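In my numbering, the protein residues as written are 12 to 581. Using N, Cα and C, we set each Cβ at its ideal position, and we do this for glycine too. Remember, it's a predicted structure, so these values are computed and weren't measured experimentally.
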């Protein structure tokens, strides 16, 4: 039984509204999370920039102090060279001893013609021609008394890398008199590198204003390290912050640049952008996990709301269905009662009709038949009683009367047989055989009967009549529609309590779902006759394979509402 759902479109619309509210809430949560994430990343970016700039400020001041200390020492030693040349070596040793606590340095003096006059680094190299050294040529050709810083380079006689701080030597008349050089190890300029914690691939570089790299950590392996230069934009900006990829090692960094006040050098401090990206990625991961958890909670809430609403709607739906089912059950009960009354009425009418047929057949047989028989006997004796018939016409008239009487008797027998076959009075099997014999004689279709009924079986007149009438209607349908060449009829008992009739023909068959109107009334009458006794009728047929009519009727009063089951086995 199909019961339509209550207001399905309204329920669907409400479910869609709840889903839309959930999606809007979920979208709002993610918008707020992403906005907060972007703000946090931007704050981290600003903090990262501020940290690098602070480090650059500190480093630039430290670099300035370191260079200034060396420059002051270099100026002092230059004055001693001019004033006390004979004591110069002693003064240098004193300063080396005093400075050895913090750093080591060496002093070299080159003459105006480029030859080494004094060296703590390699005393044996005195007299060596150093006129090709870049710092010597730069001071000689420049002519200005300024501190010159050279990139790290190897000493000409020793395998030792040094950074040179150089100043001019002048004669009393102001003429170029050579160069005094103070050499330190490169790490003197970048001794803050390890304390700044710039991370892996962090950068600290000392760059001249012309872009030449004086010192860089991490170092770049090159035989001509002092020729390395940074992009020209670095030379044009004193203090700056930028994100750029290094042309030396191709690592992208966030770089802060600061000028060492009073000296032509700058300090570059940088951290790889990948460090910041990892921090940002960690933030994103946390936010996405948080967003996923919030989304899962919202989804769980939606599911709970949907389940609660679904259960409420289901309860209401079941309540309304129960009410509707009660109404339908009541209507069905009323309809079943009406159908039962109609079936009982039809059964009563058929019973009364059969009784009436039986009574009329008995009266016709007893009254009209007997009278016609007596009349025929009287007519047959008439020629004996009437001797005088000169014309000889009486004999012919008597014969004609006898023939008419015989025809009337045949008609009476036929009417009696149709109203109430006399074979029914001697049993179902005999009546069935008689009916099949008459059908075979009139229609020319061979009929076979398989009587599997127990010999001592007693069947009441009502069931015999119903089975006989159904068989009559089945044979009529075969004669009208089947075009069959053979008919098989079987009578049997099933489970010792069910009477079975099966009629099978090998005709053209038909589609039971498309019964023709001429067959519908006959089939309906057959079904109603079987149902009147609590039985059932089943028809199986397909085009081209014939038709089988199976009727099963209980031998006792049936259980209400439970017709017997039909199958193919007797």
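Helix, strand or coil, according to DSSP, for residue i in the structure here?
{"i": "residue 17", "result": "For residue 17, the predicted structure reports a pLDDT of 48, less than 50, and the residue's modelled location is therefore unreliable. The matter cannot be settled from this model."}
{"i": "residue 410", "result": "helix"}
{"i": "residue 515", "result": "strand"}
{"i": "residue 349", "result": "helix"}
{"i": "residue 51", "result": "helix"}
{"i": "residue 501", "result": "strand"}
{"i": "residue 137", "result": "coil"}
{"i": "residue 509", "result": "strand"}
{"i": "residue 564", "result": "strand"}
{"i": "residue 115", "result": "coil"}
{"i": "residue 523", "result": "helix"}
{"i": "residue 229", "result": "coil"}
{"i": "residue 461", "result": "strand"}
{"i": "residue 126", "result": "strand"}
{"i": "residue 145", "result": "helix"}
{"i": "residue 246", "result": "Because residue 246 sits at a pLDDT of 44, beneath the cut-off of 50, its placement in the model cannot be relied upon, and the following sentence gives the value as read from the coordinates. Residue state, collapsed to three classes: helix."}
{"i": "residue 469", "result": "coil"}
{"i": "residue 208", "result": "coil"}
{"i": "residue 552", "result": "strand"}
{"i": "residue 131", "result": "coil"}
Taking C-beta to C-beta, are residue i and residue j nearer than 7 Å?
{"i": "residue 132", "j": "residue 146", "result": "no"}
{"i": "residue 151", "j": "residue 176", "result": "no"}
{"i": "residue 406", "j": "residue 390", "result": "no"}
{"i": "residue 191", "j": "residue 120", "result": "yes"}
{"i": "residue 500", "j": "residue 540", "result": "no"}
{"i": "residue 516", "j": "residue 557", "result": "yes"}
{"i": "residue 138", "j": "residue 278", "result": "no"}
{"i": "residue 210", "j": "residue 282", "result": "yes"}
{"i": "residue 265", "j": "residue 63", "result": "yes"}
{"i": "residue 498", "j": "residue 562", "result": "no"}
{"i": "residue 37", "j": "residue 309", "result": "yes"}
{"i": "residue 464", "j": "residue 502", "result": "yes"}
{"i": "residue 545", "j": "residue 523", "result": "no"}
{"i": "residue 267", "j": "residue 280", "result": "yes"}
{"i": "residue 136", "j": "residue 127", "result": "yes"}
{"i": "residue 419", "j": "residue 383", "result": "yes"}
From residue i to residue j, what distance separates their C-alpha atoms?
{"i": "residue 76", "j": "residue 307", "result": "59 Å"}
{"i": "residue 339", "j": "residue 496", "result": "49 Å"}
{"i": "residue 487", "j": "residue 24", "result": "60 Å"}
{"i": "residue 442", "j": "residue 436", "result": "8 Å"}
{"i": "residue 155", "j": "residue 225", "result": "21 Å"}
{"i": "residue 459", "j": "residue 549", "result": "21 Å"}
{"i": "residue 553", "j": "residue 518", "result": "10 Å"}
{"i": "residue 21", "j": "residue 327", "result": "14 Å"}
{"i": "residue 414", "j": "residue 381", "result": "16 Å"}
{"i": "residue 247", "j": "residue 256", "result": "For residue 247, the pLDDT reaches just 48, beneath the cut-off of 50, and the residue's location in the model is therefore unreliable, although a value from the coordinates is still provided. Their backbone Cα atoms lie some 18 Å apart in a straight line."}
{"i": "residue 335", "j": "residue 322", "result": "19 Å"}
{"i": "residue 302", "j": "residue 80", "result": "57 Å"}
{"i": "residue 244", "j": "residue 275", "result": "Its pLDDT being 45, under 50, residue 244 is placed unreliably in this model, and the coordinates cannot settle the point."}
{"i": "residue 43", "j": "residue 61", "result": "27 Å"}
{"i": "residue 505", "j": "residue 494", "result": "31 Å"}
{"i": "residue 490", "j": "residue 456", "result": "9 Å"}
{"i": "residue 234", "j": "residue 172", "result": "The predicted position of residue 234 is uncertain, since its pLDDT is 47 and thus under 50; no value can be drawn from it."}
Contact defined as beta carbons within less than 8 Å: I believe residue i pairs with residue j. What is the distance between those atoms, to the nearest angstrom?
{"i": "residue 217", "j": "residue 193", "result": "With 8 Å as the limit, residue 217 and residue 193 do not qualify as a contact, their Cβ atoms being about 16 Å apart."}
{"i": "residue 29", "j": "residue 316", "result": "6 Å"}
{"i": "residue 485", "j": "residue 560", "result": "5 Å"}
{"i": "residue 83", "j": "residue 178", "result": "In fact, because the Cβ distance is near 11 Å, the residues do not count as touching under 8 Å."}
{"i": "residue 231", "j": "residue 260", "result": "7 Å"}
{"i": "residue 207", "j": "residue 66", "result": "5 Å"}
Can you check DSSP and say which residues form a bridge with residue i?
{"i": "residue 276", "result": "219"}
{"i": "residue 175", "result": "194"}
{"i": "residue 189", "result": "122 and 180"}
{"i": "residue 264", "result": "255 and 283"}
{"i": "residue 547", "result": "563"}
{"i": "residue 158", "result": "Answer is none; residue 158 lacks a bridge partner."}
{"i": "residue 269", "result": "278"}
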